[in-house]
Amino acid sequence: MNEELRPDPDALLAQMQSEAQDSQAGKLFLFLGMCPGVGKTYSMLQTARQRQKEGRRILVGVVETHGRAETAALVEGLPVLPRRQIEHRSFLVEEFDLDAVLRQKPELVLVDELAHTNAPGSRHAKRYQDVLELLDAGIDVYTTLNVQHIESQVDIVRQITGVTVQETVPDSLLDRAHEIQLIDLSVEKLLERLSEGRVYLGERAEQAMEGFFKAGNLTALRELALRFTAERVDRDLEDIRRAGRVNSPWKTNARLMVGVGPSPYAESLIRWTRRAAGRLNCPWLVVWVEGLSPLGAEDQRRLTRSLSLARKLGAEVITITGENIAQALLRVARERNVSQIVVGKPESSASWHRSLAHQLISGSGDMDVCVVRPLASHDRQAIQTLREPLSTELIGEYSWVLVSVFTITSLCWGIVGFTGYMFVALVFLLAVVLMALRVSRGPVLVMATLCALCWNFIFIPPQFTLDIKKPEDWIMFGLFFIVALSMGSLTSQLRAREMAERRRLRQTDALLRVTQSAALAAEPDKGLAAALQTINQLLEVETCLLVRDDQRALPKTARVASAFQPDDREWGVAAWSYTHKQVAGRSTETLPESAATWFPLQTATATMGVLGIRLARDRRLDFSTRQMMEAFALQLALVLEKEHFIQAVSQAEMLARSEKLHRTLLDSLSHELKTPIAVVNAAVEGMEGLHNPYVQEIAIASQRLQRVVDSLLHMTQLESEVLQPHMDWCDLKDVVDAAKRAVGESLAKHPFRLNLPEGFPLVRLDHALLSQALANVLHNATVYTSEGTPIELNATLQQETLVLGVRDRGSGLPAGMEQKVFEKFVRAEGVPAGGTGLGLAIARGFIHAMNGEITARNHPEGGAEFTLRFPKVRVFREVQPPSGDPISNL
Numbered sequence: 055m056n057e058e059l060r061p062d063p064d065a066l067l068a069q070m071q072s073e074a075q076d077s078q079a080g081k082l083f084l085f086l087g088m089c090p091g092v093g094k095t096y097s098m099l100q101t102a103r104q105r106q107k108e109g110r111r112i113l114v115g116v117v118e119t120h121g122r123a124e125t126a127a128l129v130e131g132l133p134v135l136p137r138r139q140i141e142h143r144s145f146l147v148e149e150f151d152l153d154a155v156l157r158q159k160p161e162l163v164l165v166d167e168l169a170h171t172n173a174p175g176s177r178h179a180k181r182y183q184d185v186l187e188l189l190d191a192g193i194d195v196y197t198t199l200n201v202q203h204i205e206s207q208v209d210i211v212r213q214i215t216g217v218t219v220q221e222t223v224p225d226s227l228l229d230r231a232h233e234i235q236l237i238d239l240s241v242e243k244l245l246e247r248l249s250e251g252r253v254y255l256g257e258r259a260e261q262a263m264e265g266f267f268k269a270g271n272l273t274a275l276r277e278l279a280l281r282f283t284a285e286r287v288d289r290d291l292e293d294i295r296r297a298g299r300v301n302s303p304w305k306t307n308a309r310l311m312v313g314v315g316p317s318p319y320a321e322s323l324i325r326w327t328r329r330a331a332g333r334l335n336c337p338w339l340v341v342w343v344e345g346l347s348p349l350g351a352e353d354q355r356r357l358t359r360s361l362s363l364a365r366k367l368g369a370e371v372i373t374i375t376g377e378n379i380a381q382a383l384l385r386v387a388r389e390r391n392v393s394q395i396v397v398g399k400p401e402s403s404a405s406w407h408r409s410l411a412h413q414l415i416s417g418s419g420d421m422d423v424c425v426v427r428p429l430a431s432h433d434r435q436a437i438q439t440l441r442e443p444l445s446t447e448l449i450g451e452y453s454w455v456l457v458s459v460f461t462i463t464s465l466c467w468g469i470v471g472f473t474g475y476m477f478v479a480l481v482f483l484l485a486v487v488l489m490a491l492r493v494s495r496g497p498v499l500v501m502a503t504l505c506a507l508c509w510n511f512i513f514i515p516p517q518f519t520l521d522i523k524k525p526e527d528w529i530m531f532g533l534f535f536i537v538a539l540s541m542g543s544l545t546s547q548l549r550a551r552e553m554a555e556r557r558r559l560r561q562t563d564a565l566l567r568v569t570q571s572a573a574l575a576a577e578p579d580k581g582l583a584a585a586l587q588t589i590n591q592l593l594e595v596e597t598c599l600l601v602r603d604d605q606r607a608l609p610k611t612a613r614v615a616s617a618f619q620p621d622d623r624e625w626g627v628a629a630w631s632y633t634h635k636q637v638a639g640r641s642t643e644t645l646p647e648s649a650a651t652w653f654p655l656q657t658a659t660a661t662m663g664v665l666g667i668r669l670a671r672d673r674r675l676d677f678s679t680r681q682m683m684e685a686f687a688l689q690l691a692l693v694l695e696k697e698h699f700i701q702a703v704s705q706a707e708m709l710a711r712s713e714k715l716h717r718t719l720l721d722s723l724s725h726e727l728k729t730p731i732a733v734v735n736a737a738v739e740g741m742e743g744l745h746n747p748y749v750q751e752i753a754i755a756s757q758r759l760q761r762v763v764d765s766l767l768h769m770t771q772l773e774s775e776v777l778q779p780h781m782d783w784c785d786l787k788d789v790v791d792a793a794k795r796a797v798g799e800s801l802a803k804h805p806f807r808l809n810l811p812e813g814f815p816l817v818r819l820d821h822a823l824l825s826q827a828l829a830n831v832l833h834n835a836t837v838y839t840s841e842g843t844p845i846e847l848n849a850t851l852q853q854e855t856l857v858l859g860v861r862d863r864g865s866g867l868p869a870g871m872e873q874k875v876f877e878k879f880v881r882a883e884g885v886p887a888g889g890t891g892l893g894l895a896i897a898r899g900f901i902h903a904m905n906g907e908i909t910a911r912n913h914p915e916g917g918a919e920f921t922l923r924f925p926k927v928r929v930f931r932e933v934q935p936p937s938g939d940p941i942s943n944l
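Residues are numbered in my numbering as their position in the sequence shown, beginning at 1, plus a constant of 54.
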């Protein structure tokens, strides 16, 4: 096969996984427009009414008519969901009632204005998160969106209109859309509608025409919407081609990577990369290289926001540590087979400083490096923080440097007469090295410069001037300056590296201690308590651990070692996190009003519970803390999963031993009873001429006991897996007669009717197994029905499937027993004693051995009905020779 035509196995696997996920989730239908007023809501309602005519259950979740009569008219006749009222700042705010939709479970729900921000106190901060939950619940959603609210387009929209859009929707949600319908309208027509008051009313319409709704802005937004839709159509065509296995060359799999940091321009780079990845229909990575120096609070805030944006847009976020950012990025790019690296254009063009872009280009090899000019950030506060005065800690370090230089200079002034000015240089060098062990790199370089100047000005002749007369003094001064700067810089770097290693070691040690405490403890509860205590001490938080019970439900009471117990509200947040396998609570977009943040204890196979942390009120959950908590949650989940598997294996071994003992007892009991029953039967036959009523009772009891022993023998054969059916041609009439004889007198007390079509063909099955299975089903019907009630057996051939139905006229099956009746030792209440509850279980085993199946249900006209199906059964129809054939006349 030509390699260029060979499908990519990873792509095929991803496609199959996506199709499996899409088959369970609801479908998202998006009506996209370039701006308000193009008719998105109107088109959505028209389409919804068509779906209603087709028989689908429609529910209007939330629709904003904006006072337009033609839009309101389309809502009439559709079931409308009452909105939920939330009190906010002494006002009642109406919001979309998510819980009511989940309870009603319609086939299709209409949710207008996807980018809407929910009122405080709602479950989710954004309406698109409500839509995500509806999709996960298997409900289809119709919704509307303007192109300026797409997260990856925010920078372009700000560049076009000068307006910063605050309400955005991540592109990852749009990737889930089953269909995107562009509602297009010409600019002239839209301006005409605006002037007629069909978009905004009164002064608001005039303000819109003078601001956002300028003809140039609308033209650019229309082009943006058309381009976005065209890119989506191109991706859909590519998916169709892949699904159809079209024999055309497959595109080389591209993979983009962008490196980000705490810069205010990082969000712009992330959005640019998302747009590029969308055009190429390829995966993309966002990489943060953690350097040696710890980040300040403002840098942590910007970094956390940037990486959260990357996750929302669907990127894979990777965090690594490295001293050299360029080398670390190139290492990740090679490991992940990245085809293109995206990096921001450097602001400085100084030739003496090699920017990150230059370093990546020189070391990229076969990879492409795309240098992007990030758009100016709209976060003025973020720009100002780059030019803020020094922090208090840094001011303290510079002050300490000045005091140290003054003190050392004073001491050297007192000893210079005994040692000479050359010795003073050594003292200054020692001071620089020692100071580098205490302060950061900037203050060290300042101290090295000040020491060199003080040595020159105060100690090198001529004193109190910067002029140097002797050439050797010039050489010494130059060497001193170079050595001081080099030693100070290197020592500061070593100190920073040591501090970074200590931080990583502390985090690794904490992770190890948490794992060891939870996994190696003799008692699981004590191990979890030690692990939670370690987390509390390391991160200075309060933790709460909720572990699922045996029914896989989340209890309302936390483990004893937890630092706090959740109230009903907090438990609701924890339950949502457990059910949806997502982080929820404070510092997230799901139930952010919560006092704690909840992390699901998620493994590859199950969710074992949730771990909650409660921070101080003035502290937010930054990126590093969240990263550590996710690592702790994963380790605790693995430990809990291991304990669960240990218990499951122990229970399985116990059940296996119990089952083995059970089979041994059944086998022994059935064989031990066989001989005494034969003796009793022989004795009864010898006493038939006595005409004693007790003889008849003994005979009936002996038959019942024989049936019990036969059932035990049959069950032993089934469980030992030695039963092999012997297929042969069977006449169903003979099979039914054998089953009737096996049931005996109990069936004679019921009118029995066999509906077997004339000339029914022979079927290839095991005569003994089929007759015994039918006998057990018929005997079950006689036990659970009153004497005199009819029992009916129907036989039909439906294409290649043999269907046998046994119906009685009794009280039917108890609710919920349709499957349980085929389990061992299951008997209904209120029936005469004497059965073992094995008959139907044996019948199912025999039927399965012949590749058939048996089901039970309550017949609509009363009574129970058992159906035996044998698919693809072989049949033999006797061929009648023609009347003129010589053989027929013999």
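Glycine included, C-beta positions come from ideal geometry on N, C-alpha and C.
Using a Cβ distance threshold of 8 Å, V703 and L816 do not count as a contacting pair.
Nearest C-alpha to T119 among R110, V129, R111: V129. Y196 and L164 do touch by the CB rule: their CB atoms are close to 5 Å apart, below 8 Å. Annotation for P316: L349, D353, R356, L357 place their beta carbon closer than 7 Å to its own, counting only its chain and skipping 5 residues before and after. Residue state for M871 is assigned as coil, using DSSP reduced to three classes. Going by C-alpha positions, S464 is about 12 Å away from F482. For H203, the closest of L132, M88, A102 by C-alpha to C-alpha distance is M88.
Here C784 has V817, L819, H821 as same chain residues with Cβ atoms under 6 Å from its own Cβ, once five neighbours each way along the sequence are excluded. P516 carries a coil assignment under DSSP once its states are collapsed to helix, strand and coil. Sequence-distant Cβ neighbours of V114 in its own chain, meaning closer than 7 Å and more than five residues away, are V129, L132, P133, V134, L135, L164. In this structure, A617 and E596 form a Cβ contact; the two beta carbons are roughly 4 Å apart against a cut-off of 8 Å. The beta carbon of G893 sits closer than 7 Å to those of S765, N830, H833, N834, all from its chain and outside the five residues before and after it, given in chain order. Contact between A269 and V241 holds, since their C-beta atoms are separated by about 6 Å, short of 8 Å.
Put simply, the backbone Cα of R122 is about 34 Å away from that of L367. Per DSSP, reduced to three states, the secondary structure at Q591 is helical.
In this structure E187 is buried. Its beta-carbon is surrounded by 16 or more other beta-carbon atoms within 10 angstroms. Partner residues in the beta bridge of K180, as assigned by DSSP, are T171.
Between G332 and the set V341, T909, F282, S641, the nearest pair of CA atoms involves F282. In this structure, the straight-line span from the alpha carbon of E684 to that of F653 is close to 7 Å. By a beta-carbon distance limit of 8 Å, L599 does not contact R640. Their separation comes to about 17 Å.
CA-to-CA, the gap between Y182 and V392 works out to about 31 Å. Only exposed fits W528, as fewer than 16 other CB atoms lie within 10 angstroms of its CB.
Of the candidates E161, N172, L162, N172 places its Cα closest to the Cα of R138.
In the DSSP assignment, C336 is bridged to no other residue.
Taking one beta carbon from each stretch, the region 101 to 112 and the region 216 to 228 have fewer than 3 pairs nearer than 8 Å; the two do not touch. Within the region 363 to 395, the runs of beta strand (DSSP E) that reach at least 3 residues and sit entirely inside it are, in chain order, 370 to 375. When DSSP states are grouped into helix, strand and coil, T633 belongs to the helix group.
Less than 8 Å divides the Cβ of G666 from the Cβ of A628. For P497, the enclosing alpha helix (DSSP H) starts and ends at 495 to 508. The Cβ-Cβ distance between V397 and V423 falls below 8 Å.
With respect to A502, L539 sits close: the two C-beta atoms are nearer than 8 Å. DSSP assignment within the region 837 to 870 yields the following whole beta strand (DSSP E) runs of 3 residues or more, N-terminal first: 845 to 852, 855 to 862. Contact check for L499 against G542 passes: the beta carbons are separated by less than 8 Å. In this structure S416 is exposed. Its beta-carbon is surrounded by fewer than 16 other beta-carbon atoms within 10 angstroms. Cβ neighbours of Q587 within its own chain (closer than 6 Å, five residues either side excluded): none. Considering only Q605, D622, R606, V601, the residue with the shortest C-alpha distance to A612 is V601.
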